[in-house]
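Structure, as structure tokens:
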Amino acid sequence: MYFSQDGERKHMSRPAVRVAVAGMAVGFIVMLLTLAIALGFKQEVRNKIIGFGSHIQVVNFDNNNTYQMQPIVASDSLIEALQEVPYVTSVERFCTKPGIIKTDDAFQGIIIKGRESHGRDFFEQNLVEGHMPNKTNEVLISASLAQLLKLKTDDRFFCYFIDSDVRARRYTITGLYDTRFSDYDEMFVIGTMAEVQHLCGWEGDEVCGIELLLSDFSKLYEAADNVYDITANRPDSMGNMHYTQTVEELNPAIFSWLRLLDMNVVIIIILMLCVSGFCMISGLIILILDSVQMIGLMKALGATDRMLRKTFLYEAFFLIGKGMIWGNFIGVSLCLLQYFFHIIPLDSATYYVSYVPIALHLGAWILLNIGTLLLSMLVMLGPSAIVSKISPAKVMHFE
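To convert a position in the sequence shown, counted from 1, into our numbering, add 703.
Next up, the structure:
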């Protein structure tokens, strides 16, 4: 302990305890923000990939993972069977066709895609101008593709499709969309289902494949196995066999990159737990050393080491709790500010989003709180053992 200028006795433990609580709060804020940003980023990128495609696709077994697909006959009975799969919320047919857009100043390779109702919802949410296509000669293109080709809403352009010969089609732009996902924005042109079927030379139920949306991404492979069981040994009316593929199998590079974020989150949380733990250990040790005389007196009056250790562990528990309360308050407040006001921007060309995304799930937040509290209390067991080393005789002798 030390003395102030006016002679009032103060305890050295007070500033140390404040530093420990502050360290705990700062560490928890960093952990909370790291978790929320990682979850938000994964969710945003994943939702955009699924928006352009789906969770699960059923296509012709003879396809070579290209957009120039062989057809399957998607009968109503097959659609109804797939709708009964657990966690499936939508089953829709789709068609794609590669082509080249040619203008006076530039050209660009594209994929024109026709979809049924669920695909329209995603693009309507990201529509920045105009409306969705309704006729066979109407298309929706991205704002970035429009800028690249110097086109705008209501403009017309020629698109060329190469099969055994070259065919040209003239389209009118009904609107522009912008998902900030540049790799896909510059590739996909959205048309009507009937138009793309006509380009492929198909009719009736002949389509490139079937897309399925799920209610829970964590059930992806469970649902895919169920879809496989339904389609694997069920050839269509033309004898075509089906092939089931998930969104992760269709986009392995992007999902491998997203999985790396989990490792980054784990590393940051471990580092912050170490920092917070060291702060709390230092604070508890100083608190014990500042209370040596009291500990010696309590032992002389019959208090056991276990009783005294419990006392200091209770004190550590309240200090950790105080730091976590402040950490939760500040961390959640920062998350809410970023979620609603998008204060911190990002380069969408690099990160696929224009601002730092936030997604904090209740389960993850509760698990972070419980895990932090338990691990912090666990590391307090070591320094609390100092109590047993303090001898009442020596304390009273030096007093």
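For each residue, glycine too, the CB sits at the ideal point set by N, CA and C.
DSSP places residue 958 inside the alpha helix (DSSP H), whose first and last residues are 955 to 993. Contact annotation: residue 896 and residue 798 have beta-carbon atoms nearer than 8 Å.
The Cβ neighbour count for residue 916, taken over all protein chains shown within 10 Å, is at least 16; the residue is labelled buried. About 6 Å separates the beta carbons of residue 998 and residue 1011, which is inside the 8 Å limit, making them a contact pair.
In this structure residue 1038 is in contact with residue 739, their Cβ atoms being roughly 5 Å apart against a cut-off of 8 Å. For the 8 Å CB-CB criterion, residue 788 and residue 926 form a contact.
Going by DSSP, residue 871 is part of the beta strand (DSSP E) stretching over 869 to 880. The C-alpha of residue 958 is placed about 35 Å away from the C-alpha of residue 940.
Residue 724 and residue 1014 have their C-alpha atoms roughly 18 Å apart. With respect to residue 899, residue 751 sits apart: the two C-beta atoms are not nearer than 8 Å.
For residue 1090, the closest alpha carbon among the candidates 1078, 1016, 1026 and 880 is that of 1016. Comparing alpha-carbon positions, the option among 1067, 1092, 1046 and 1041 lying closest to residue 1061 turns out to be 1041. Residue 948 sits in a strand when the DSSP states are folded into three classes.
In the three-state scheme derived from DSSP, where H, G and I count as helix and E and B as strand, residue 1048 is classed as strand.
Comparing C-alpha distances from residue 737 to each of 1082, 1070 and 1063 shows the shortest one belongs to 1063.
When secondary structure is reduced to three states using DSSP, residue 904 falls in the coil class, being assigned neither helix nor strand. With contacts defined as CB atoms closer than 8 Å, residue 827 and residue 877 fail to qualify as a contacting pair.
The C-beta separation of residue 1093 from residue 995 comes to about 6 Å, placing the pair in contact by the 8 Å criterion. Under the rule that a run must span 3 or more residues, the beta strand (DSSP E) segments found entirely inside the region 792 to 873 read 810 to 818, 830 to 833, 841 to 845 and 859 to 865.
Cβ-Cβ separation between residue 852 and residue 786: approximately 39 Å, too far for a contact (criterion under 8 Å). Under DSSP, residue 1058 forms a beta bridge with 1048. In this structure, DSSP gives residue 915 an extended state, which the three-state scheme calls strand.
Using a Cβ-Cβ distance cut-off of 8 Å, the region 828 to 836 and the region 875 to 889 are in contact, since at least three pairs of beta carbons, one from each stretch, lie closer than that value. Contact between the region 801 to 808 and the region 772 to 779 is absent: fewer than 3 CB-CB pairs across the two stretches fall below 8 Å.
Residue 760 counts as buried, since no fewer than 16 other beta carbons sit within 10 angstroms of its beta carbon. For residue 762, the enclosing beta strand (DSSP E) starts and ends at 759 to 763.
An exposed status is given to residue 868, since fewer than 16 other beta-carbon atoms sit within 10 Å of its beta-carbon. Residue 1082 sits away from residue 972, with the two beta carbons spaced by 8 Å or more. Contact between residue 1048 and residue 1058 holds: CB atoms are separated by about 5 Å, below the 8 Å threshold.
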